[in-house]
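Per my numbering, numbering through the sequence shown is continuous, rising by one, with the last residue being 200. Quick notes on the structure that follows.
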Amino acid sequence: MRQKMYNGFIRKYQNVYLFIAILMVSGFLCGIIYSKFINVDDIAHFSSYLTTIDKGVDKYAYFVNQFLMGILFVIGVFLLGTSIAGIPIISFVVFTKGLQIGFSCALFVYTYQLKGLAGIFLTLFPQVIFDVLATFLISAAAIQLSMYIVYSCTNREKLDFKRLFNSILNDIFIAFLIILVASYLKSTVVLELIKIFTKM
């Protein structure tokens, strides 16, 4: 019975992924709604940022910065999962990720109108797709870990830390690989796509 419960809490992420997806979509929709408060200064700043981001950028430094930020995010979410209070905090982090994406999409449209749709697919989507994948994976693992800790505490069962963390560490390693790929794409392909978009 304990083995069955352990497997259910550690390896069955379906419901957790659904929960994360709902949070992400809710955040995305709220980001679009919040975009109604975009002002002229936001639009001007965003347009200026896109037209100057590729000028004088040290691609290696940019790659290292993106990679380190991604690693810190993964480690931070994992550490939140080691506490009973981790679930609501991780949920808020996932929600704000969706909020940022929704707001960014709306900002593209407000700034460039129909051209903004091309900007979303050319410059925004390649940046966020891997970030979203990493967020889904590490958030699901961390929430599952926090749920198992809560379950073990309330049912007074001893945690099998070795098996538990071996499972979670596999997910962390995969998340690190996703972050590595994302950082490389952001510092190479995405910068070139931004150049193409600004010249359209």
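Idealized CB from N, CA, C, for every residue including glycine.
Exercise. Can you round the beta-carbon distance between Tyr17 and Phe136 to whole angstroms, since I take them to be within the 8 Å contact cut?
Worked result: Position 17 of the sequence shown, counted from the start, is the residue given in the question as residue 17. Position 136 of the sequence shown, counted from the start, is the residue given in the question as residue 136. That pair is a contact at about 6 Å.
Exercise. With C-beta atoms as the reference, is Val128 less than 8 Å away from Ile90?
Worked result: Looking up residue 128 in the sequence shown gives position 128. Looking up residue 90 in the sequence shown gives position 90. Not closer than 8 Å, so no.
Exercise. Taking the continuous alpha helix (DSSP H) assigned at Ile75, which residues delimit it?
Worked result: Taking the sequence shown and counting its residues from 1, one reaches residue 75 at position 75. Its alpha helix (DSSP H) spans residues Lys59 to Leu80.
For this session: Could you name the residues of the same chain whose beta carbon sits closer than 7 Å to that of Thr123, not counting the 5 residues immediately before and after it, in chain order?
Result: Residue 123 sits at position 123 when you count from the first residue of the sequence shown. Only Val190, Leu193, Ile194 and Phe197 meet the Cβ criterion.
Exercise. Alpha carbon to alpha carbon, how far is Ile178 from Phe130?
Worked result: Position 178 of the sequence shown holds residue 178. Position 130 of the sequence shown holds residue 130. The straight-line gap from Cα to Cα measures roughly 6 Å.
Exercise. If we count the other Cβ atoms within 10 Å of its Cβ and call it buried at 16 or more, is Ile33 buried or exposed?
Worked result: By 1-based counting over the sequence shown, the position of residue 33 is 33. Ile33 comes out exposed.
Exercise. How far does the alpha helix (DSSP H) with Gln100 in it reach, from first residue to last?
Worked result: As a position in the sequence shown, residue 100 is number 100, starting the count at 1. It spans Gly86 to Tyr112 - the alpha helix (DSSP H) in which Gln100 sits, taken as one unbroken run.
Exercise. Three-state secondary structure (DSSP) at Lys199?
Worked result: Residue mapping note: residue 199 aligns to position 199 of the sequence shown, counting from 1. Note: Lys199 maps to coil in three-state DSSP.
Exercise. Considering only C-alpha positions, which residue in the set Phe67, Cys30 and Asp58 is nearest to Ala175?
Worked result: As a working mapping, residue 175 is identified with position 175 in the sequence shown. For Ala175, the nearest C-alpha among the options comes from Phe67.
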